[in-house]
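If you read the sequence shown in our numbering, its first letter stands for residue 11, the second for the next number, and so on.
Every residue, glycine too, gets a C-beta built ideally from N, C-alpha and C.
Since the model is a prediction, treat every value here as computed from it, not as a measurement.
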Amino acid sequence: MIAVVLSVLFFVAYTAIFPPEKSSETTKVEQSKDQNSQAPSQPQASKKVEETLKHEISATNMMAANDSNTLVTVKNSKFILKLDTLGRISSKVLLQDKYNDKHDKHAELIPAEGMKPLFVRFLDSNLNDEAIKVAYTADLSELSIEDNSQKVTLTQKLPDVTVTKEITFFPDGHYDAKVSLSNDKRYFVYLGQRPRITEQMMTIKGAMVYTDDKIVTIVEDGNAEGRRTFSGVELISAFDQYSASIMYGFARDTNILVERDRDNNPVVYFEALQNMPFSGYIGQKEYKTLDSINPVLTNAIEYGWFTFASKPLFQLLSWLHGIFGNWGWSIIALTLIIRVILYPLTYKGMVSMQKMKDIAPQVKAVQAKYKGDPQRVNAAVMDLYKKHGANPLGGCLPMLLQIPVFFAIYRVLLNAVELQGAPWMLWVQDLSRMDGTFILPILMGASMYYQQKLTPSNFTDPLQEKI
(Lines of atoms letter the chains of each structure in order from A and count residues from 1; the text may use other names and numbers.)
(Lines give C-alpha, C1' and ligand atoms only; values in the text may rest on other atoms or scores of the structure.)
Protein backbone atom coordinates (compact mmCIF):
# COMPACT_ATOMS: atom_id res chain seq x y z
CA MET A 1 0.00 0.00 0.00
CA ILE A 2 1.44 3.33 -1.09
CA ALA A 3 0.67 5.10 2.21
CA VAL A 4 2.68 2.57 4.21
CA VAL A 5 5.58 2.62 1.74
CA LEU A 6 5.54 6.42 1.79
CA SER A 7 5.75 6.48 5.58
CA VAL A 8 8.59 3.95 5.74
CA LEU A 9 10.45 5.73 2.96
CA PHE A 10 10.47 9.02 4.85
CA PHE A 11 11.33 7.33 8.14
CA VAL A 12 14.45 5.94 6.52
CA ALA A 13 15.21 9.05 4.48
CA TYR A 14 15.07 11.22 7.58
CA THR A 15 17.71 9.07 9.27
CA ALA A 16 19.89 9.16 6.17
CA ILE A 17 19.66 12.94 5.80
CA PHE A 18 19.90 13.73 9.52
CA PRO A 19 22.04 10.96 11.05
CA PRO A 20 22.66 11.12 14.82
CA GLU A 21 25.95 12.77 15.72
CA LYS A 22 28.66 10.50 17.08
CA SER A 23 29.42 11.01 20.74
CA SER A 24 32.91 11.90 21.80
CA GLU A 25 32.58 9.25 24.50
CA THR A 26 31.35 6.98 21.95
CA THR A 27 -6.14 0.08 23.84
CA LYS A 28 -7.26 -2.05 25.80
CA VAL A 29 -8.45 -5.01 24.00
CA GLU A 30 -9.82 -7.51 26.27
CA GLN A 31 -11.88 -10.46 25.39
CA SER A 32 -15.24 -10.79 27.00
CA LYS A 33 -15.93 -14.01 28.81
CA ASP A 34 -17.76 -16.58 26.76
CA GLN A 35 -21.23 -17.52 27.75
CA ASN A 36 -21.96 -20.68 25.86
CA SER A 37 -25.62 -20.82 26.75
CA GLN A 38 -28.56 -18.68 27.76
CA ALA A 39 -29.37 -18.10 31.40
CA PRO A 40 -29.92 -21.31 33.41
CA SER A 41 -33.56 -20.40 33.88
CA GLN A 42 -34.15 -20.75 30.11
CA PRO A 43 -32.43 -23.99 29.04
CA GLN A 44 -35.23 -25.12 26.74
CA ALA A 45 -35.61 -21.71 25.13
CA SER A 46 -31.85 -21.59 24.58
CA LYS A 47 -31.95 -24.86 22.69
CA LYS A 48 -34.78 -23.58 20.52
CA VAL A 49 -32.82 -20.42 19.75
CA GLU A 50 -29.96 -22.53 18.43
CA GLU A 51 -32.32 -24.63 16.30
CA THR A 52 -33.92 -21.46 14.95
CA LEU A 53 -30.54 -20.08 13.91
CA LYS A 54 -29.59 -23.26 12.06
CA HIS A 55 -32.91 -23.11 10.23
CA GLU A 56 -32.28 -19.46 9.43
CA ILE A 57 -28.89 -20.13 7.86
CA SER A 58 -30.28 -22.96 5.76
CA ALA A 59 -33.30 -20.94 4.66
CA THR A 60 -31.22 -17.90 3.77
CA ASN A 61 -28.85 -19.89 1.62
CA MET A 62 -31.78 -21.32 -0.30
CA MET A 63 -33.34 -17.88 -0.74
CA ALA A 64 -30.11 -16.38 -2.02
CA ALA A 65 -30.58 -18.21 -5.33
CA ASN A 66 -34.04 -16.66 -5.76
CA ASP A 67 -33.57 -13.19 -4.36
CA SER A 68 -36.69 -11.45 -3.10
CA ASN A 69 -38.08 -8.53 -5.05
CA THR A 70 -37.16 -4.97 -4.19
CA LEU A 71 -39.87 -3.32 -2.11
CA VAL A 72 -38.37 0.10 -1.29
CA THR A 73 -35.54 2.10 -2.86
CA VAL A 74 -33.73 4.76 -0.82
CA LYS A 75 -31.30 7.01 -2.65
CA ASN A 76 -29.26 10.18 -2.71
CA SER A 77 -26.11 11.28 -4.54
CA LYS A 78 -23.89 9.06 -2.35
CA PHE A 79 -25.69 5.73 -2.25
CA ILE A 80 -28.66 3.61 -3.29
CA LEU A 81 -30.18 1.34 -0.65
CA LYS A 82 -32.87 -1.29 -1.21
CA LEU A 83 -35.30 -3.07 1.09
CA ASP A 84 -36.71 -6.36 -0.16
CA THR A 85 -40.06 -8.09 0.35
CA LEU A 86 -38.65 -9.96 3.36
CA GLY A 87 -38.11 -6.64 5.15
CA ARG A 88 -34.33 -6.82 4.87
CA ILE A 89 -31.74 -4.37 3.61
CA SER A 90 -30.87 -6.34 0.50
CA SER A 91 -28.49 -3.89 -1.17
CA LYS A 92 -26.49 -0.75 -0.55
CA VAL A 93 -24.35 0.56 -3.38
CA LEU A 94 -21.88 3.42 -2.87
CA LEU A 95 -21.96 5.80 -5.83
CA GLN A 96 -18.68 7.61 -5.17
CA ASP A 97 -15.99 6.36 -7.56
CA LYS A 98 -13.24 6.48 -4.95
CA TYR A 99 -14.91 3.56 -3.16
CA ASN A 100 -15.11 1.37 -6.27
CA ASP A 101 -14.20 -2.29 -5.83
CA LYS A 102 -11.22 -4.08 -7.40
CA HIS A 103 -13.20 -4.45 -10.64
CA ASP A 104 -13.75 -0.67 -10.70
CA LYS A 105 -17.47 -1.10 -10.13
CA HIS A 106 -19.54 0.77 -7.56
CA ALA A 107 -19.06 -0.93 -4.20
CA GLU A 108 -21.90 -3.20 -3.05
CA LEU A 109 -21.86 -3.43 0.75
CA ILE A 110 -24.42 -6.23 1.16
CA PRO A 111 -23.20 -9.70 0.09
CA ALA A 112 -25.53 -11.60 -2.22
CA GLU A 113 -25.49 -14.66 0.03
CA GLY A 114 -25.93 -14.93 3.76
CA MET A 115 -28.09 -13.06 6.22
CA LYS A 116 -28.95 -9.46 5.60
CA PRO A 117 -29.49 -6.53 7.99
CA LEU A 118 -32.90 -6.16 9.67
CA PHE A 119 -33.92 -9.76 8.95
CA VAL A 120 -36.42 -10.82 11.65
CA ARG A 121 -36.66 -14.45 12.78
CA PHE A 122 -38.86 -16.03 15.44
CA LEU A 123 -38.32 -18.58 18.16
CA ASP A 124 -41.37 -20.35 16.74
CA SER A 125 -40.17 -22.37 13.73
CA ASN A 126 -43.69 -22.47 12.27
CA LEU A 127 -43.77 -18.68 12.23
CA ASN A 128 -40.40 -18.68 10.48
CA ASP A 129 -41.81 -20.86 7.72
CA GLU A 130 -44.71 -18.46 7.27
CA ALA A 131 -42.44 -15.39 7.42
CA ILE A 132 -40.49 -16.63 4.41
CA LYS A 133 -43.69 -17.04 2.38
CA VAL A 134 -45.49 -13.80 3.30
CA ALA A 135 -44.14 -10.60 1.76
CA TYR A 136 -43.92 -7.26 3.54
CA THR A 137 -45.85 -4.26 2.27
CA ALA A 138 -44.65 -0.65 2.45
CA ASP A 139 -46.32 2.74 2.60
CA LEU A 140 -43.70 4.16 0.21
CA SER A 141 -41.77 2.59 -2.65
CA GLU A 142 -39.11 5.26 -3.12
CA LEU A 143 -37.39 7.68 -0.75
CA SER A 144 -35.13 10.57 -1.73
CA ILE A 145 -32.96 11.69 1.18
CA GLU A 146 -30.57 14.17 -0.40
CA ASP A 147 -31.06 16.83 2.28
CA ASN A 148 -33.58 15.47 4.78
CA SER A 149 -34.43 12.19 6.45
CA GLN A 150 -37.49 10.14 5.48
CA LYS A 151 -39.43 7.36 7.17
CA VAL A 152 -40.91 4.24 5.65
CA THR A 153 -43.17 1.72 7.37
CA LEU A 154 -43.03 -1.97 6.47
CA THR A 155 -45.77 -4.38 7.50
CA GLN A 156 -45.91 -8.17 7.43
CA LYS A 157 -49.20 -9.86 8.37
CA LEU A 158 -48.59 -13.41 9.59
CA PRO A 159 -51.27 -15.81 10.89
CA ASP A 160 -50.53 -15.17 14.57
CA VAL A 161 -48.79 -11.81 14.57
CA THR A 162 -48.28 -8.63 12.57
CA VAL A 163 -44.73 -7.29 12.28
CA THR A 164 -44.23 -3.56 11.78
CA LYS A 165 -40.87 -1.96 10.97
CA GLU A 166 -40.60 1.82 11.08
CA ILE A 167 -37.29 2.88 9.54
CA THR A 168 -36.03 6.44 9.20
CA PHE A 169 -33.14 6.88 6.77
CA PHE A 170 -30.69 9.80 6.97
CA PRO A 171 -28.47 11.35 4.25
CA ASP A 172 -25.27 10.42 6.11
CA GLY A 173 -26.04 6.70 5.78
CA HIS A 174 -27.42 5.81 9.20
CA TYR A 175 -30.96 4.81 10.09
CA ASP A 176 -33.24 4.64 13.12
CA ALA A 177 -35.48 1.59 13.34
CA LYS A 178 -38.32 0.38 15.51
CA VAL A 179 -39.67 -3.17 15.26
CA SER A 180 -43.11 -3.81 16.77
CA LEU A 181 -45.19 -6.97 17.10
CA SER A 182 -48.95 -7.09 17.57
CA ASN A 183 -48.58 -10.07 19.92
CA ASP A 184 -45.90 -11.00 22.40
CA LYS A 185 -43.58 -13.32 20.47
CA ARG A 186 -39.88 -13.99 20.98
CA TYR A 187 -37.96 -12.84 17.95
CA PHE A 188 -34.48 -11.87 16.80
CA VAL A 189 -33.02 -9.22 14.51
CA TYR A 190 -29.88 -9.91 12.48
CA LEU A 191 -26.95 -7.59 11.89
CA GLY A 192 -26.16 -9.16 8.53
CA GLN A 193 -22.97 -10.41 6.95
CA ARG A 194 -19.96 -8.15 6.70
CA PRO A 195 -19.20 -6.26 3.47
CA ARG A 196 -16.79 -8.11 1.20
CA ILE A 197 -15.17 -5.33 -0.79
CA THR A 198 -11.53 -5.52 0.32
CA GLU A 199 -9.83 -8.84 1.00
CA GLN A 200 -6.24 -7.90 1.87
CA MET A 201 -4.32 -10.62 3.66
CA MET A 202 -3.10 -8.55 6.62
CA THR A 203 -6.44 -7.00 7.54
CA ILE A 204 -8.85 -8.21 10.22
CA LYS A 205 -12.32 -9.19 9.02
CA GLY A 206 -15.25 -10.49 11.04
CA ALA A 207 -17.52 -9.25 13.82
CA MET A 208 -17.07 -6.92 16.77
CA VAL A 209 -18.96 -6.44 20.02
CA TYR A 210 -18.25 -3.27 22.02
CA THR A 211 -19.67 -3.13 25.54
CA ASP A 212 -20.37 -0.14 27.77
CA ASP A 213 -17.37 -1.01 29.96
CA LYS A 214 -15.17 -0.43 26.88
CA ILE A 215 -14.37 -4.09 26.29
CA VAL A 216 -13.88 -4.97 22.64
CA THR A 217 -14.43 -8.53 21.45
CA ILE A 218 -13.53 -9.43 17.90
CA VAL A 219 -14.47 -12.74 16.30
CA GLU A 220 -12.57 -13.12 13.05
CA ASP A 221 -13.87 -14.95 10.02
CA GLY A 222 -13.09 -18.64 10.26
CA ASN A 223 -12.59 -18.49 14.05
CA ALA A 224 -16.15 -18.44 15.39
CA GLU A 225 -16.70 -21.13 18.01
CA GLY A 226 -20.16 -21.98 19.31
CA ARG A 227 -22.43 -19.38 20.87
CA ARG A 228 -21.33 -16.33 22.82
CA THR A 229 -23.76 -14.07 24.63
CA PHE A 230 -23.16 -10.44 25.62
CA SER A 231 -25.13 -7.80 27.50
CA GLY A 232 -24.54 -4.12 28.18
CA VAL A 233 -23.54 -3.73 24.53
CA GLU A 234 -23.13 -0.32 22.90
CA LEU A 235 -22.55 -1.47 19.34
CA ILE A 236 -22.15 -4.53 17.17
CA SER A 237 -20.35 -4.53 13.85
CA ALA A 238 -19.70 -6.88 10.95
CA PHE A 239 -16.72 -5.39 9.16
CA ASP A 240 -13.99 -5.66 6.58
CA GLN A 241 -11.00 -3.37 6.10
CA TYR A 242 -12.83 -0.16 5.25
CA SER A 243 -16.57 -0.74 5.66
CA ALA A 244 -19.04 -2.16 8.15
CA SER A 245 -22.62 -2.97 8.99
CA ILE A 246 -23.21 -1.53 12.48
CA MET A 247 -26.12 -1.58 14.92
CA TYR A 248 -26.26 0.41 18.16
CA GLY A 249 -28.59 2.15 20.58
CA PHE A 250 -29.89 -1.02 22.25
CA ALA A 251 -31.48 -1.22 25.67
CA ARG A 252 -28.77 -2.14 28.17
CA ASP A 253 -30.31 -5.53 28.99
CA THR A 254 -30.52 -6.59 25.34
CA ASN A 255 -28.90 -9.97 24.71
CA ILE A 256 -26.45 -9.94 21.83
CA LEU A 257 -25.59 -13.36 20.44
CA VAL A 258 -22.71 -14.42 18.21
CA GLU A 259 -23.03 -17.78 16.48
CA ARG A 260 -21.02 -19.45 13.76
CA ASP A 261 -22.15 -20.42 10.29
CA ARG A 262 -21.05 -23.49 8.36
CA ASP A 263 -17.80 -21.74 7.38
CA ASN A 264 -17.07 -20.82 11.03
CA ASN A 265 -17.72 -17.16 10.27
CA PRO A 266 -19.51 -15.09 12.95
CA VAL A 267 -23.26 -14.45 12.71
CA VAL A 268 -24.47 -11.65 14.99
CA TYR A 269 -28.05 -11.01 16.08
CA PHE A 270 -29.95 -9.75 19.12
CA GLU A 271 -33.05 -10.84 20.99
CA ALA A 272 -35.54 -8.03 20.56
CA LEU A 273 -38.36 -6.78 22.75
CA GLN A 274 -41.95 -6.44 21.57
CA ASN A 275 -41.38 -2.77 20.71
CA MET A 276 -37.67 -2.44 20.03
CA PRO A 277 -35.99 0.82 18.93
CA PHE A 278 -32.37 0.80 17.77
CA SER A 279 -30.15 2.42 15.16
CA GLY A 280 -27.82 1.24 12.44
CA TYR A 281 -25.24 2.29 9.89
CA ILE A 282 -23.97 0.59 6.75
CA GLY A 283 -21.05 2.25 5.04
CA GLN A 284 -17.41 3.24 5.14
CA LYS A 285 -15.66 3.54 8.50
CA GLU A 286 -14.79 7.18 7.98
CA TYR A 287 -13.98 8.74 11.34
CA LYS A 288 -15.63 12.13 10.83
CA THR A 289 -18.84 10.59 9.51
CA LEU A 290 -19.10 8.10 12.37
CA ASP A 291 -18.31 10.76 14.97
CA SER A 292 -20.95 13.12 13.59
CA ILE A 293 -23.62 10.39 13.75
CA ASN A 294 -22.73 9.19 17.25
CA PRO A 295 -19.26 9.28 18.87
CA VAL A 296 -19.68 5.68 20.06
CA LEU A 297 -19.52 4.56 16.42
CA THR A 298 -15.86 5.55 16.20
CA ASN A 299 -15.14 2.47 18.30
CA ALA A 300 -16.02 0.42 15.22
CA ILE A 301 -12.64 1.50 13.82
CA GLU A 302 -10.45 -1.13 15.42
CA TYR A 303 -6.65 -1.18 15.27
CA GLY A 304 -6.01 -4.36 17.23
CA TRP A 305 -3.52 -4.37 20.10
CA PHE A 306 -2.22 -0.94 19.10
CA THR A 307 -5.54 0.90 19.36
CA PHE A 308 -4.28 2.88 22.37
CA ALA A 309 -1.53 4.41 20.20
CA SER A 310 -3.19 4.30 16.78
CA LYS A 311 -6.23 6.41 17.71
CA PRO A 312 -4.23 9.48 18.82
CA LEU A 313 -1.91 9.06 15.84
CA PHE A 314 -4.90 9.13 13.49
CA GLN A 315 -6.20 12.24 15.25
CA LEU A 316 -2.82 13.89 14.65
CA LEU A 317 -2.82 12.75 11.01
CA SER A 318 -6.34 14.11 10.54
CA TRP A 319 -5.31 17.44 12.08
CA LEU A 320 -2.34 17.64 9.72
CA HIS A 321 -4.67 16.93 6.80
CA GLY A 322 -6.69 19.96 7.86
CA ILE A 323 -3.51 22.01 7.43
CA PHE A 324 -2.06 20.51 4.23
CA GLY A 325 -5.27 19.41 2.51
CA ASN A 326 -3.43 16.38 1.13
CA TRP A 327 -3.15 12.98 2.83
CA GLY A 328 0.22 12.24 1.22
CA TRP A 329 1.91 15.34 2.60
CA SER A 330 0.13 14.79 5.90
CA ILE A 331 1.69 11.31 6.16
CA ILE A 332 5.12 12.78 5.47
CA ALA A 333 4.58 15.47 8.11
CA LEU A 334 3.42 12.84 10.63
CA THR A 335 6.51 10.77 9.87
CA LEU A 336 8.82 13.72 10.47
CA ILE A 337 7.06 14.61 13.74
CA ILE A 338 7.39 11.03 14.99
CA ARG A 339 11.05 10.95 14.00
CA VAL A 340 11.73 14.15 15.91
CA ILE A 341 9.91 12.84 18.99
CA LEU A 342 11.81 9.54 18.84
CA TYR A 343 15.16 11.20 18.09
CA PRO A 344 16.44 11.00 21.69
CA LEU A 345 15.89 7.23 21.69
CA THR A 346 17.49 6.88 18.27
CA TYR A 347 20.47 8.98 19.30
CA LYS A 348 20.96 7.05 22.53
CA GLY A 349 20.89 3.76 20.65
CA MET A 350 23.41 4.97 18.06
CA VAL A 351 25.78 6.24 20.76
CA SER A 352 25.58 2.93 22.60
CA MET A 353 26.27 0.97 19.42
CA GLN A 354 29.24 3.21 18.63
CA LYS A 355 30.71 2.52 22.06
CA MET A 356 30.30 -1.20 21.49
CA LYS A 357 32.02 -0.83 18.13
CA ASP A 358 34.92 1.11 19.67
CA ILE A 359 35.69 -1.55 22.27
CA ALA A 360 35.14 -4.46 19.87
CA PRO A 361 38.91 -4.95 19.22
CA GLN A 362 39.57 -5.08 22.97
CA VAL A 363 36.77 -7.60 23.46
CA LYS A 364 38.22 -9.81 20.73
CA ALA A 365 41.65 -9.56 22.34
CA VAL A 366 40.21 -10.68 25.67
CA GLN A 367 38.40 -13.56 23.99
CA ALA A 368 41.64 -14.67 22.34
CA LYS A 369 43.68 -14.27 25.54
CA TYR A 370 41.35 -16.35 27.72
CA LYS A 371 40.22 -18.77 25.04
CA GLY A 372 38.82 -21.90 26.64
CA ASP A 373 37.91 -20.15 29.89
CA PRO A 374 34.39 -18.66 29.45
CA GLN A 375 34.19 -17.40 33.04
CA ARG A 376 37.36 -15.30 32.73
CA VAL A 377 36.22 -14.04 29.32
CA ASN A 378 32.87 -12.89 30.71
CA ALA A 379 34.48 -11.23 33.73
CA ALA A 380 37.04 -9.40 31.59
CA VAL A 381 34.42 -8.28 29.06
CA MET A 382 32.19 -6.94 31.85
CA ASP A 383 35.14 -4.97 33.20
CA LEU A 384 35.61 -3.45 29.75
CA TYR A 385 31.95 -2.49 29.61
CA LYS A 386 32.16 -0.77 33.00
CA LYS A 387 35.40 1.01 32.16
CA HIS A 388 34.06 2.48 28.90
CA GLY A 389 30.45 2.98 30.02
CA ALA A 390 29.14 0.58 27.38
CA ASN A 391 25.93 -1.42 27.67
CA PRO A 392 25.30 -4.43 25.38
CA LEU A 393 21.56 -3.74 25.47
CA GLY A 394 21.94 0.02 25.16
CA GLY A 395 21.52 -0.09 21.41
CA CYS A 396 18.71 -2.64 21.46
CA LEU A 397 16.30 -1.22 24.03
CA PRO A 398 15.81 2.20 22.36
CA MET A 399 14.97 0.44 19.10
CA LEU A 400 12.61 -2.00 20.82
CA LEU A 401 10.77 0.88 22.50
CA GLN A 402 10.07 2.40 19.08
CA ILE A 403 8.55 -0.75 17.57
CA PRO A 404 5.01 -0.22 19.03
CA VAL A 405 4.96 3.25 17.47
CA PHE A 406 5.88 1.86 14.06
CA PHE A 407 3.19 -0.82 14.29
CA ALA A 408 0.63 1.76 15.42
CA ILE A 409 1.39 3.94 12.39
CA TYR A 410 1.11 0.89 10.14
CA ARG A 411 -2.32 0.02 11.57
CA VAL A 412 -3.49 3.61 11.07
CA LEU A 413 -2.46 3.68 7.43
CA LEU A 414 -3.81 0.18 6.77
CA ASN A 415 -7.29 0.92 8.15
CA ALA A 416 -7.80 4.57 7.17
CA VAL A 417 -10.60 4.59 4.61
CA GLU A 418 -9.83 8.29 4.18
CA LEU A 419 -6.87 7.22 2.03
CA GLN A 420 -9.13 5.52 -0.53
CA GLY A 421 -8.94 7.49 -3.75
CA ALA A 422 -6.75 10.11 -2.05
CA PRO A 423 -4.06 11.46 -4.44
CA TRP A 424 -0.58 12.56 -3.44
CA MET A 425 1.28 13.82 -6.53
CA LEU A 426 2.42 12.78 -10.00
CA TRP A 427 1.50 9.13 -10.64
CA VAL A 428 0.27 8.47 -7.09
CA GLN A 429 -3.49 9.00 -7.30
CA ASP A 430 -4.70 6.50 -4.67
CA LEU A 431 -2.76 6.12 -1.43
CA SER A 432 -4.66 2.97 -0.47
CA ARG A 433 -3.42 0.98 -3.47
CA MET A 434 -0.12 -0.53 -4.54
CA ASP A 435 2.33 1.55 -6.52
CA GLY A 436 2.00 -0.16 -9.89
CA THR A 437 5.24 1.45 -11.11
CA PHE A 438 7.20 0.13 -8.08
CA ILE A 439 9.10 3.42 -7.96
CA LEU A 440 8.36 4.09 -4.29
CA PRO A 441 9.21 0.52 -3.13
CA ILE A 442 12.52 0.73 -5.03
CA LEU A 443 13.31 4.09 -3.43
CA MET A 444 12.41 2.66 -0.03
CA GLY A 445 14.70 -0.33 -0.55
CA ALA A 446 17.55 1.91 -1.70
CA SER A 447 17.16 4.25 1.27
CA MET A 448 17.10 1.31 3.71
CA TYR A 449 20.28 -0.05 2.12
CA TYR A 450 21.91 3.38 2.48
CA GLN A 451 20.82 3.62 6.11
CA GLN A 452 22.28 0.18 6.79
CA LYS A 453 25.61 1.38 5.44
CA LEU A 454 25.52 4.33 7.85
CA THR A 455 24.76 2.11 10.85
CA PRO A 456 27.65 0.58 12.83
CA SER A 457 27.85 -3.08 11.87
CA ASN A 458 30.70 -4.44 13.96
CA PHE A 459 28.73 -5.75 16.94
CA THR A 460 30.02 -7.82 19.80
CA ASP A 461 26.56 -8.61 21.14
CA PRO A 462 24.52 -11.16 19.12
CA LEU A 463 21.18 -9.57 20.05
CA GLN A 464 22.31 -6.19 18.76
CA GLU A 465 23.44 -7.74 15.51
CA LYS A 466 20.06 -9.42 14.94
CA ILE A 467 18.11 -6.21 15.58
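Selection from the options that minimises the alpha carbon distance to residue i
i, options, result
"S192", "V173, F198, Y200", "V173"
"I256", "D263, D134, A248", "A248"
"T317", "K108, F416, L81", "F416"
"Y258", "V199, E118, M363, G216", "V199"
"I348", "K379, S320, L91", "S320"
"G399", "Q377, R421, V361", "V361"
"S302", "I99, F132, I177, G183", "G183"
"S190", "P384, L429, T165, R386", "T165"
"Y279", "F260, N388, D273, R272", "F260"
"Y220", "G242, R237, G236", "G242"
"F288", "L128, D111, Y297, M392", "L128"
"L326", "A426, I142, G97", "A426"
"I177", "T345, F324, I99", "I99"
"W337", "K126, E428, N274", "E428"
"M125", "S328, E140, Q203", "Q203"
"T239", "T264, Y357, R272", "T264"
"K358", "D170, R262, M409, G236", "M409"
"N274", "I419, L105, R237", "R237"
"I369", "L352, Y353, K397", "K397"
Same chain, Cβ closer than 8 Å to residue i, five either side skipped, listed in chain order
i, result
"P181", "N86, K88, I155, E156, D157, N158, S159"
"P414", "F316, A319"
"H151", "It should be noted that the sequence gives Ser, not His, for residue 151. Excluding sequence neighbours, S151 sits near L81, V82, T83."
Nearest-angstrom beta carbon gap, residue j and residue i [assumed within contact, 8 Å]
i, j, result
"L245", "V306", "6 Å"
"I311", "K102", "About 19 Å; that fails the 8 Å criterion."
"A201", "F179", "The question names Ala, but residue 201 in the sequence shown is Leu. Contact flag wrong, Cβ pair sits at about 17 Å."
"R206", "D250", "6 Å"
"M286", "K188", "7 Å"
"G97", "V144", "With 8 Å as the limit, G97 and V144 do not qualify as a contact, their Cβ atoms being about 10 Å apart."
"L133", "D170", "Contact flag wrong, Cβ pair sits at about 12 Å."
"V226", "A217", "With a Cβ gap of about 11 Å, V226 and A217 do not count as contacting."
Close-in-space but distant-in-sequence residues of the same chain around residue i (CB under 6 Å, 5 per side omitted)
i, result
"D149", "T163"
Assigned exposure category for residue i - 16 Cβ within 10 Å defines buried
i, result
"V350", "exposed"
"Q269", "Inspection of the sequence shows that residue 269 is occupied by Glu rather than by Gln. Under this definition E269 is a buried residue."
"E123", "exposed"
"T479", "Any question about residue 479 goes unanswered here, given that the chain covers just 11 to 477."
"S113", "Rather than Ser, the amino acid found at residue 113 in this sequence is His. H113 should be labelled exposed."
"P322", "exposed"
"D231", "buried"
"D94", "buried"
"K115", "exposed"
"K215", "buried"
"I333", "exposed"
"K175", "buried"
"V389", "Checking the displayed sequence, the identity of residue 389 turns out to be Ala instead of Val. A389 comes out exposed."
"V82", "buried"
"D222", "exposed"
"D194", "exposed"
"T147", "exposed"
"P276", "buried"
"E235", "exposed"
"M363", "buried"
Cβ neighbours of residue i in the same chain (closer than 7 Å, five flanking residues each side left out)
i, result
"L411", "L355"
"S253", "L119, P205, I207, G293, Q294, K295"
"R421", "Y313, G314, F316, S320"
"V84", "L91, L153, I155, F179"
"R386", "Y380"
"L330", "S340, A343, L344"
"Q377", "V387"
The ligand FAD heavy atom lying under 7 Å from the CB of residue i
i, result
"Y220", "In terms of ligand content, the structure shown is empty, and the ligand FAD therefore cannot be addressed."
Give the list of continuous alpha helix (DSSP H) stretches no shorter than 4 residues that lie fully inside the segment 288-365.
297-303, 317-334
Can you list the alpha helix (DSSP H) stretches of 4 or more residues lying completely in the segment 361-396, in chain order?
370-379
Which runs of the beta strand (DSSP E), 3 residues or longer, sit entirely within the segment 76-154?
80-85, 89-94, 99-104, 130-132, 152-154
Please specify which runs of the beta strand (DSSP E), each continuous and at least 3 residues long, are wholly inside the segment 203-260, giving them in chain order.
216-221, 226-230, 238-240, 243-249, 253-258
Let me know the alpha helix (DSSP H) ranges lying completely inside the segment 177-204, each 4 residues or longer, listed in chain order.
none
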